[in-house]
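S.K.: By the UniProt record's numbering, the letter at position 71 of the sequence shown is numbered 71, and the numbering carries on one by one without gaps. From the three backbone atoms N, C-alpha and C, an ideal C-beta is built for every residue, glycine too. Note that this is a predicted model, so its numbers are computed, not measured. Can you read through this structure? Questions will come right after.
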Amino acid sequence: MSTIWVVLIAVVALIAGVALGFFIARQYMMKYLKENPPINEQMLRMMMMQMGQKPSQKKINQMMNQMNKMNDKK
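Dropping the structure here:
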């Protein structure tokens, strides 16, 4: 009977550890991406120049605002 309790406690602890680890990792990644966005204005300007477009500051601001709106919806 005591072996069943040990196994049960081990399984519950494992499940709790996995769930807690998942949420901690998720929070860390969300914070990291908010502080270090994957695309910034400089990268956007360079991509537009590579595509043959002359980027104006207004167009870059519009694209950054659009990307921020999409990130906020998620």
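(1) Grab the span of the alpha helix (DSSP H) containing M17 for me, first residue to last.
(2) Considering only their Cβ atoms, is the gap separating M67 from I24 smaller than 8 Å?
(3) Do P55 and R45 count as a contact pair if the criterion is CB distance below 8 Å?
(4) Between M64 and the rest of its own chain, which residues show a CB-CB distance below 7 Å, the 5 nearest in sequence each way excluded?
M.R.: Quick answer:
(1) Here the sequence assigns Gly to residue 17, which means Met is not the residue at that position. For G17, the enclosing alpha helix (DSSP H) covers residues S2 to E35.
(2) No, the Cβ-Cβ distance between I24 and M67 is not below 8 Å.
(3) It is a contact, given that the beta carbons lie within the stated cut-off.
(4) For M64, the CB contacts under 7 Å within the same chain, skipping 5 residues up- and downstream, are E41 and L44 in chain order.
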